[in-house]
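K.L.:
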Amino acid sequence: MKATKLASVFAVTALAAAVSSTTFAAEAVISGQAGLEYRLLGDTHADAAGAAANNNTWRSKGELNLNVDTGVVAALVEFRENVATIVKATVTQGAVSFGDFDGSISDDAYLKATRVIEGEYGDGSKTDLGVRYDLGSGLVVALEMKTDQDGVGFAADYSVDLGMASLDLSAGTYAGESSAKVKDEVSNYAIGVSVPVGPATFIASYAGGTTTTGTTDTDIGVTTVGVTFAVSDAFTLGIQNSTDLEAAAGTDDNNTEVAAFYTAGDITYYAAALSGDDLKEETRIGAKASF
Numbered sequence: 688m689k690a691t692k693l694a695s696v697f698a699v700t701a702l703a704a705a706v707s708s709t710t711f712a713a714e715a716v717i718s719g720q721a722g723l724e725y726r727l728l729g730d731t732h733a734d735a736a737g738a739a740a741n742n743n744t745w746r747s748k749g750e751l752n753l754n755v756d757t758g759v760v761a762a763l764v765e766f767r768e769n770v771a772t773i774v775k776a777t778v779t780q781g782a783v784s785f786g787d788f789d790g791s792i793s794d795d796a797y798l799k800a801t802r803v804i805e806g807e808y809g810d811g812s813k814t815d816l817g818v819r820y821d822l823g824s825g826l827v828v829a830l831e832m833k834t835d836q837d838g839v840g841f842a843a844d845y846s847v848d849l850g851m852a853s854l855d856l857s858a859g860t861y862a863g864e865s866s867a868k869v870k871d872e873v874s875n876y877a878i879g880v881s882v883p884v885g886p887a888t889f890i891a892s893y894a895g896g897t898t899t900t901g902t903t904d905t906d907i908g909v910t911t912v913g914v915t916f917a918v919s920d921a922f923t924l925g926i927q928n929s930t931d932l933e934a935a936a937g938t939d940d941n942n943t944e945v946a947a948f949y950t951a952g953d954i955t956y957y958a959a960a961l962s963g964d965d966l967k968e969e970t971r972i973g974a975k976a977s978f
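Next up, the structure:
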């Protein structure tokens, strides 16, 4: 879930409180990425702004992402055009962490291959705030909330290395209400398997459940199958196929993304194309530098 917000009161309060503390054991470590990207949307892409601006043309964007980590406080700030967005802001003390995680652990098992466009279908998760507790041995539990809503949920994620493969199981439930008193609920789960084979890593995952908005219930059933292949230390390929098993009759329910990445020094060049679903079809090329 990629929340578009400047910040939530909860996350900012947590961040400010921790930053004002004088008990940090280490200086803040700042890292990030800066890049330029060109994007071409298909004729009937669902991006409303793109449709209004003629989808069949190239458009560019510049972006700067900053990661700040003190060992206690961690934050991700995204700068795009003239807008700054606090994407994530968390505080960690031992096995406990809290704040704005920009997502739920209920869908952690909904695995993805290395990709750019992220055309996988939605898994139904709604929450972004929470308090998480790492119980060890691959098990994490959490109380979760959604920004600007009255409600609370519970989620858990369990991952285990089976030797030949890694297995991930996650699930959660949330019952909330918007400021307009509209019911907003979800019960979702996911299972994912990751199998390394030489320079390739294969993934397969399924996410299911039910969401409720107002009086409307929507069933969830989505899959991803993909592979990330390290051709060399500098060159990586990613292929992912995504399917919506609950798509309405007559609508596109499947897409495939192919992405390539080449790294030279601190700069990574990439190109990606997604096809098969007219509402998601697009091509991207770009470069980003890490620091």
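Numbering (the numbering used here), first residue to last: 688 to 978.
Virtual Cβ for every residue (Gly too), placed ideally from N, Cα, C.
The structure presented is a predicted model; accordingly, all values stated were derived computationally and were not measured.
1. Count Cβ pairs between the region 788 to 807 and the region 937 to 952 that sit closer than 8 Å; are there 3 or more?
2. What are the start and end residues of the beta strand (DSSP E) that includes residue 916?
3. On the CB-based measure, 16 or more other CB atoms within 10 Å of its CB, does residue 762 come out buried or exposed?
4. Checking the sheet assignment: what are the DSSP bridge partners for residue 831?
5. Looking only at its own chain, which residues have a Cβ that is under 6 Å from the Cβ of residue 972, when we skip the five neighbours before and after it?
6. Once you ignore the five residues that flank residue 951 on each side, which residues in its own chain have a CB closer than 8 Å to its CB?
7. Would you kindly work out how many angstroms separate the C-alpha atoms of residue 703 and residue 938, rounded to a whole number?
8. Just list the residues that DSSP pairs residue 958 with in beta bridges.
9. Do the CB positions of residue 864 and residue 837 come within less than 8 Å of each other?
10. From the DSSP output, in three-state form, read off residue 812 for me.
11. If you pair each beta-carbon of the region 877 to 891 with each one of the region 906 to 919, do three or more pairs fall below 8 Å?
12. From residue 809 to residue 793, what does the alpha carbon distance come to, in whole angstroms?
13. Considering just the uninterrupted stretch of the beta strand (DSSP E) at residue 805, what are its terminal residues?
14. Just list the residues that DSSP pairs residue 893 with in beta bridges.
15. Rounded to whole angstroms, what's the CA-CA distance from residue 850 to residue 880? Just pull it up for me.
16. Go ahead and pull the three-state DSSP assignment for residue 793.
17. With DSSP as the reference, label residue 822 as helix, strand or coil.
18. Tell me the rounded alpha-carbon separation between residue 743 and residue 969.
19. As an exercise, report each continuous beta strand (DSSP E) stretch of at least 3 residues that is fully enclosed by the region 713 to 759, in chain order.
20. I need the straight-line Cα distance from residue 930 to residue 894, nearest angstrom please.
21. Name, in chain order, the residues that DSSP records as bridge partners for residue 977.
22. Could you pull out every residue in the same chain whose Cβ sits closer than 6 Å to the Cβ of residue 964, ignoring the five residues on either side in sequence?
23. Pick helix, strand or coil for residue 801, following the three-state DSSP scheme.
24. Taking only three categories from DSSP, how would you classify residue 766?
25. Does any heavy atom of the ligand GTP sit closer than 7 Å to the C-beta of residue 962?
P.N.:
According to the structure shown:
1. Contact between the region 788 to 807 and the region 937 to 952 is present: three or more C-beta pairs spanning the two stretches fall below 8 Å.
2. To locate residue 916, count along the sequence shown from 1; it is residue 229. Element bounds for residue 916: 903 to 917.
3. Locating residue 762 in the sequence shown gives position 75, where the first residue counts as 1. Per the 10 Å Cβ criterion, buried.
4. Mapped onto the sequence shown, residue 831 falls at position 144. Residue 831 is bridged to 817, 840.
5. Position 285 of the sequence shown, counting from 1, holds the residue named residue 972. So the qualifying residues of the chain are 725, 958.
6. By 1-based counting over the sequence shown, the position of residue 951 is 264. Contacts found: 921.
7. One-based indexing of the sequence shown puts residue 703 at position 16. One-based indexing of the sequence shown puts residue 938 at position 251. With a pLDDT of only 41 at residue 703, under 50, the local geometry of the prediction cannot be trusted, and the value read off the model is given with reservation. Annotation: residue 703 to residue 938 spans about 46 Å, alpha carbon to alpha carbon.
8. As a position in the sequence shown, residue 958 is number 271, starting the count at 1. Answer is 947, 972, bridged to residue 958.
9. Walking along the sequence shown from the start, residue 864 turns up at place 177. Walking along the sequence shown from the start, residue 837 turns up at place 150. Contact flag set, yes.
10. Here residue 812 corresponds to residue number 125 of the sequence shown, with the count starting at 1. If DSSP states are grouped into helix, strand and coil, residue 812 belongs with coil.
11. Three or more Cβ pairs drawn from the region 877 to 891 and the region 906 to 919 lie within less than 8 Å of each other, which places the two stretches in contact.
12. For the purposes of this step, residue 809 is taken as residue 122 along the sequence shown, with counting starting at 1. For the purposes of this step, residue 793 is taken as residue 106 along the sequence shown, with counting starting at 1. Their Cα atoms are separated by approximately 13 Å.
13. Mapped onto the sequence shown, residue 805 falls at position 118. Taken as a continuous stretch (DSSP letters only), residue 805 belongs to no beta strand (DSSP E), as it is neither H nor E.
14. Looking up residue 893 in the sequence shown gives position 206. Beta-bridge pairing by DSSP links residue 893 to 878, 910.
15. Working through the sequence shown from its first residue, we reach residue 850 at position 163. Working through the sequence shown from its first residue, we reach residue 880 at position 193. Near 12 Å, if we compare the C-alpha coordinates of residue 880 and residue 850.
16. By 1-based counting over the sequence shown, the position of residue 793 is 106. Looking at residue 793 - three-state DSSP - the assignment turns out to be helix.
17. Counting from 1 along the sequence shown, the entry for residue 822 is found at position 135. Of the three classes helix, strand and coil, the one that applies to residue 822 here is strand, per DSSP.
18. Residue numbering aside, residue 743 sits at position 56 when the sequence shown is read from its first letter. Residue numbering aside, residue 969 sits at position 282 when the sequence shown is read from its first letter. One Cα belongs to residue 743, the other to residue 969, and the distance between them is close to 10 Å.
19. Segments of the beta strand (DSSP E) lying fully in the region 713 to 759: 716 to 728, 745 to 756.
20. For this step, residue 930 is matched to residue 243 along the sequence shown. For this step, residue 894 is matched to residue 207 along the sequence shown. Whole-angstrom Cα-Cα distance: 11 Å.
21. Walking along the sequence shown from the start, residue 977 turns up at place 290. Beta-bridge pairing links residue 977 to 720.
22. Start at 1 with the first residue of the sequence shown, and residue 964 comes out as number 277. Cβ within range, chain order: 939, 942.
23. Here the question's residue 801 lines up with position 114 in the sequence shown. When secondary structure is reduced to three states using DSSP, residue 801 falls in the coil class, being assigned neither helix nor strand.
24. For the purposes of this step, residue 766 is taken as residue 79 along the sequence shown, with counting starting at 1. Under the three-state reduction of DSSP output, residue 766 falls in the strand class.
25. By its list of ligands, the structure shown contains no ligand whatsoever, and the ligand GTP lies outside what it can speak to.
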